[in-house]
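Residue numbers (the numbering used here): 133 to 524.
Spelled out as structure tokens, the structure:
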């Protein structure tokens with residue numbers, strides 16, 4: 133089954149399902165979230181707490197007010213384990229993601245091959261359209277997962293693409309995150325926001341060193357590091373993330389990283405070539421993969437081949453959410469005679485075939501405003517905790 137969303141500009145709706153808040157009229161953020169909002173809100177601006185409450189239509193209440201009134205405070209957890217321990221204690225098995233409302237989105241500075249082919253006029257982002265398309269995706273994901281919204285900072289044109297911000301390492305005993313060190317100078321300031329956010333979430337936060345083995349090191353997050361199972365990962369390197377960064381990561385965190393060398397300028401992150409479908413299967417653009425990589429990966433999972441055209445159309449830039457696969461497409465905006473229409477139709481049919489084999493449904497979203505940055509759906513979502521985290 134394939135479910136399409138409205139490809140046009142949709143009206144702004146409430147950000148999330150707030151049925152759990154009905155009858156209360158209040159919504160309380162944690163002390164960490166309130167502190168982060170206060171620090172980043174600036175003088176004369178409303179903080180994240182007030183902004184979120186305004187968007188979902190409830191009254192803001194001070195953090196921990198309910199706990200203070202009852203005299204009950206949560207018991208402390210071990211350092212670096214608070215997040216996972218509290219979710220386990222609450223028996224919450226849903227996945228957790230990080231996203232960013234595209235308030236700072238811009239495509240003025242071209243930093244990839246797709247953007248280089250567009251004029252400055254073609255890259256001009258329409259803010260209302262971008263937010264509308266984002267909310268359509270956000271509402272769908274938040275209906276089946278916990279979604280944190282990273283506060284926006286002015287001047288960070290690519291901040292919505294949180295998949296590049298960091299990589300959460302599910303094989304580690306503690307809640308562990310590795311913050312990115314971007315190759316593109318326009319994105320360098322994003323790292324500090326991510327570091328502060330995850331520290332407030334009580335994660336064990338690590339940063340990529342500037343140099344490894346005498347050479348500069350770069351790492352661009354979950355988009356270049358895909359978990360297979362246990363301590364086994366696939367790591368993309370070559371255009372954004374550097375090989376020495378993967379080597380340092382493997383040694384530092386006791387990981388086995390299977391390196392995938394990226395050479396196609398239009399497929400500059402690993403998520404443009406690889407998608408983890410299940411514990412036992414991955415989509416891979418094999419025509420761009422080295423034989424040694426394929427031999428090593430097939431020891432750990434089934435490899436399902438995708439063509440170069442399918443990869444460039446964004447077939448692996450999808451999100452696996454429970455029994456669904458989420459993918460972007462602008463097919464609703466294209467004429468049937470357009471060559472790109474045929475490409476998008478072929479991509480959708482291939483994904484429908486894959487979903488049929490796996491017993492999943494396909495849901496598509498129009499994210500045309502984000503194409504102006506050379507970005508697709510997976511760029512907008514950073515996995516913080518998988519639903520199956522306890523069994524990894």
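Glycine included, every Cβ here is placed at the ideal spot set by N, Cα and C.
>> Three or more C-beta pairs under 8 Å: does that hold for the segment 250–257 against the segment 303–310?
In response: Using a C-beta cut-off of 8 Å, the segment 250–257 makes no contact with the segment 303–310, since fewer than three inter-stretch Cβ pairs fall below that distance.
>> Assuming the contact rule is C-beta atoms closer than 8 Å, residue 233 and residue 257 should be a hit. Round their C-beta distance to whole Å, please.
In response: At roughly 14 Å, the Cβ-Cβ gap does not stay under 8 Å, so residue 233 and residue 257 are not in contact.
> Using CA coordinates, which residue listed in 426, 433 and 442 is at the minimum distance from residue 398?
Replying inline: It is 442.
> What are the partner residues of residue 368, as DSSP defines its beta bridges?
Replying inline: Checking the DSSP bridge columns, you'll see residue 368 partnered with 392.
> residue 327 lies in the alpha helix (DSSP H); which residues open and close that run?
Replying inline: Residues 322–332.
> For the beta strand (DSSP E) that residue 361 lies in, which residues bound it at each end?
Replying inline: Where residue 361 is concerned, the enclosing beta strand (DSSP E) stretches over 357–361.
> Hey, residue 525 and residue 263: beta-carbon distance below 9 Å or not?
Replying inline: In the structure as shown, the chain starts at 133 and stops at 524, and residue 525 therefore has no counterpart that could be examined.
> With which residues is residue 414 paired in a DSSP beta bridge?
Replying inline: Answer is 408 and 435, bridged to residue 414.
> Between the segment 439–453 and the segment 375–386, do at least 3 Cβ pairs fall closer than 8 Å?
Replying inline: Put simply, the segment 439–453 does not touch the segment 375–386. Fewer than three CB pairs are less than 8 Å apart.
> Tell me which same chain residues have a C-beta within less than 8 Å of the C-beta of residue 535, skipping the five on either side of it?
Replying inline: Summary: the structure shown does not reach residue 535, with the chain confined to residues 133 through 524, and so no result is reported for it.
>> Suppose you measure from the CA of residue 558 to the CA of residue 243; what does that come to, to the nearest Å?
In response: As displayed, the chain neither begins before 133 nor continues past 524, which places residue 558 out of reach and without an answer.
> Who are the Cβ neighbours of residue 507 in its own chain at under 7 Å, not counting the five residues just before and after it?
Replying inline: Excluding residues within five positions, the ones whose Cβ falls inside 7 Å are 293.
> Just to check, is the beta-carbon of residue 371 closer than 8 Å to a non-hydrogen atom of the ligand FMN?
Replying inline: With respect to the ligand FMN, the structure shown offers nothing to examine, as it has no ligands at all.
> In this structure, does DSSP put residue 270 in helix, strand or coil?
Replying inline: Under the three-state reduction of DSSP, residue 270 is assigned to helix.
>> For residue 509 and residue 336, what's the separation of their Cα atoms in angstroms?
In response: Rounded to whole angstroms, the gap between the alpha carbons of residue 509 and residue 336 is 27 Å.
> What residues are listed by DSSP as bridge partners for residue 498?
Replying inline: DSSP lists no bridge partner for residue 498.
> Looking at C-beta atoms only, is the number of pairs between the segment 359–369 and the segment 385–397 that lie closer than 8 Å three or more?
Replying inline: Remark: three or more beta-carbon pairs, one from each stretch, lie closer than 8 Å, so the segment 359–369 and the segment 385–397 are flagged as touching.
>> Suppose you measure from the CA of residue 457 to the CA of residue 342; what does that come to, to the nearest Å?
In response: As the crow flies, the alpha-carbon of residue 457 is around 36 Å from that of residue 342.
> Quick one: what's got a C-beta closer than 6 Å to residue 475's C-beta in the same chain, skipping five residues either side?
Replying inline: Within its own chain, the residues whose Cβ lies closer than 6 Å to the Cβ of residue 475, once the five positions on either side in sequence are excluded, are 445, listed in chain order.
> What are the start and end residues of the alpha helix (DSSP H) that includes residue 459?
Replying inline: First-last for residue 459: 456–460, but that is the beta strand (DSSP E), not the alpha helix (DSSP H).
>> If the criterion is Cβ atoms closer than 9 Å, does the pair residue 272 and residue 495 meet it?
In response: Cβ atoms of residue 272 and residue 495: closer than 9 Å.
>> Using the three-state DSSP reduction, which class does residue 493 fall into: helix, strand or coil?
In response: Of the three classes helix, strand and coil, the one that applies to residue 493 here is strand, per DSSP.
>> Helix, strand or coil, according to DSSP, for residue 190 in the structure here?
In response: Low confidence applies here, because residue 190 scores a pLDDT of 38, under 50, leaving its location unreliable; read the following figure in that light. Residue 190 falls in the coil class under three-state DSSP.
> What does residue 231 pair with, by DSSP beta-bridge criteria?
Replying inline: DSSP lists 281 as partners of residue 231.
> Of all the options 411, 372 and 405, which has the alpha carbon lying nearest to the alpha carbon of residue 422?
Replying inline: Closest option to residue 422, Cα to Cα, is 405.
> Considering only C-alpha positions, which residue in the set 217, 359 and 419 is nearest to residue 409?
Replying inline: For the residues 217, 359 and 419, the minimum Cα distance to residue 409 belongs to 359.
>> Looking only at its chain, what residues have a beta carbon closer than 6 Å to the beta carbon of residue 505, apart from the 5 residues adjacent to it on each side?
In response: Taken in chain order, the residues that qualify are 239.
> Do you know offhand how far residue 413's Cα is from residue 430's?
Replying inline: Those two C-alpha atoms are separated by around 9 Å.
>> Considering Cα atoms alone, identify which of 349, 318 and 212 is closest to residue 290.
In response: Ranking 349, 318 and 212 by Cα distance to residue 290 puts 318 first.
> Could you give the C-beta distance for residue 373 and residue 396, rounded to a whole number, given that I count them as a contact under 8 Å?
Replying inline: Not confirmed; about 15 Å, so no contact.
> Would residue 327 be called buried (16 or more neighbouring beta carbons within 10 Å of its own) or exposed?
Replying inline: Residue 327 should be labelled buried.
> In its own chain, which residues sit with a C-beta less than 6 Å from the C-beta of residue 376, not counting the 5 before and 5 after it?
Replying inline: If we look at residue 376 and ignore the five residues flanking it on each side, its Cβ neighbours are 344, 345, 347 and 349.
> With residue 464 and residue 498 assumed to form a contact (beta carbons below 8 Å), what rounded beta-carbon distance in angstroms separates them?
Replying inline: Right, their Cβ atoms sit about 6 Å apart.
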